Amino acid sequence: MQRIFFFIIGLIVSCSLMAQVQQGTVHMDSLYAKSLENEMGEQPTRAVGVYLPPGYEHSGIRYPVIYFLHGFFGDANMLNFMSEILDFAIATQRIRPFILVIPDEKTSYQGSFYSNSEVYGNWEDFTAIDLVQYMDTHYRTLANRDSRGITGHSMGGYGALKIAMDHPEIFSSVYALSPGALTIVREYGPNSDTYRELSGLHTIEEVQKTYFGQVILAFAKSWSPNLSNPPFYCDIPFEYQGDSLIVHPEVLEKWYANMPVHMIDSHLENLQKLRAIKFDWGRNSGERFTQQCTMFSERLENVGITHFAEEYIGTHTSGIYTRDGRIPQQMLPFFNYYLQFDEENK
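In the working numbering, the protein residues as written are 24 to 369.
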């Protein structure tokens with residue numbers, strides 16, 4: 024009888040909570056950016072998903088903004104399924120009301136890696152400058168760095184870290200969910216079978232049948248583009264001629280210049296300006312993620328950069344986009360603590 028009583032009480036509380044969860048609104052805007060004009064046919068007009076908290080239309084107040092960067096193969100449409108957990112987080116006071124924006128940075132090669140490419144478009148400038156200016160102009164934002172956070176998952180986690188390291192004058196806090204591309208590990212290194220595979224591929228259609236082939240070409244199009252090198256118009260640091268490995272150190276240097284582990288020494292002052300840094304990764308997400316994140320944390324620690332790094336039980340994608348997942352339980356409370364939510368305390 025006692026168990027039934029507590030079950031009924033729990034059910035009532037749960038139903039009451041469900042009834043109290045007010046819904047925010049999702050807008051899908053369109054933003055043209057001159058920074059994305061390019062010679063390779065990538066669209067400079069991008070979809071921008073904007074989540075506005077419950078009550079935004081009538082409150083008259085300004086809100087902090089969290090910039091969420093999607094992963095490889097992703098786009099801005101993911102906001103349509105994320106909005107429910109954003110509503111839940113506000114209703115359960117994990118975070119005060121805020122605005123969240125997801126720009127569509129999917130490309131013909133699947134992911135921009137949020138980097139400036141002299142051939143394929145300046146995606147970092149679009150994210151850190153054009154998008155921020157658009158949001159501050161078209162929505163009631165708190166238009167200062169202390170009220171801007173940047174986050175993302177996988178490729179988006181990489182982009183969040185890199186852009187925060189480059190632009191502490193724009194973003195004050197960063198939280199990266201399972202970031203990749205922090206350094207070169209086995210799947211991207213010279214002993215990867217992918218480089219042997221790429222040596223025999225000559226069309227985009229062939230590359231699209233691979234996974235790591237697409238990722239490596241996306242790295243190259245983002246970090247080492249080359250209009251004089253068809254058919255993919257980019258350079259890669261390792262290639263095979265027969266059984267012989269050929270290393271191109273000048274290309275490798277370009278890649279390292281865009282990988283956060285190798286950016287630390289040249290970005291120490293910028294890192295020190297950030298109010299808070301956190302990243303996490305699933306224990307079972309695969310060695311390339313656990314190794315990269317551990318290396319990045321150890322390197323930050325060795326140079327005295329305060330940060331939070333957390334390994335949790337999960338895979339690369341599990342336990343992130345659910346009510347009990349990392350976004351409402353960890354990422355949003357992080358920004359609730361570190362972002363400025365009112366105009367008076369600038």
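All residues carry an ideal CB built from backbone N, CA and C; glycine is no exception. Bear in mind the structure is a predicted one, so any value in this text is a computation, not a measurement.
- Setting aside the 5 residues that flank it on each side, residue 212 has no residue in the same chain whose C-beta is closer than 7 Å to its C-beta.
- Here the alpha carbons of residue 134 and residue 225 stand approximately 20 Å from one another.
- For residue 147, the three-state secondary structure derived from DSSP is helix.
- If you draw a straight line from the Cα of residue 314 to the Cα of residue 201, it is about 11 Å long.
- Residue 232 carries a coil assignment under DSSP once its states are collapsed to helix, strand and coil.
- Between residue 152 and residue 67, the alpha-carbon positions lie close to 14 Å from each other.
- In the three-state reduction of the DSSP assignment, residue 272 falls in the helix class.
- Leaving aside the five residues that flank residue 90 on each side, the residues in its chain whose CB is nearer than 6 Å to its CB run, in chain order, 124, 173.
- Inclusion of residue 154 and residue 363 in the CB contact set at 8 Å is not warranted, their separation being larger than that value.
- DSSP, read as helix, strand or coil, puts residue 129 in coil.
- With fewer than 16 other Cβ atoms from the protein chains shown falling within 10 Å of its own Cβ, residue 280 counts as exposed.
- When beta bridges are read from the DSSP output, residue 278 appears opposite no residue.
- In its chain, beyond the 5 residues on either side, 47, 74, 123 have a beta carbon closer than 7 Å to the beta carbon of residue 109.
- Counting only runs of at least 4 residues, the region 46-97 fully encloses the following alpha helix (DSSP H) elements, listed from N- to C-terminal order: 79-82.
- Membership of residue 183 in the alpha helix (DSSP H) is indicated by the continuous run 178-189.
- About 22 Å separates the CB atoms of residue 254 and residue 270; that is not less than 8 Å, and the two are not in contact.
- For residue 159, the enclosing alpha helix (DSSP H) stretches over residues 154-161.
- In the DSSP assignment, residue 173 is bridged to 90, 197.
- Three or more beta-carbon pairs separated by less than 8 Å link the region 105-121 to the region 350-359, which places the two stretches in contact.
- About 7 Å separates the CB atoms of residue 194 and residue 186; that is less than 8 Å, so the two are in contact.
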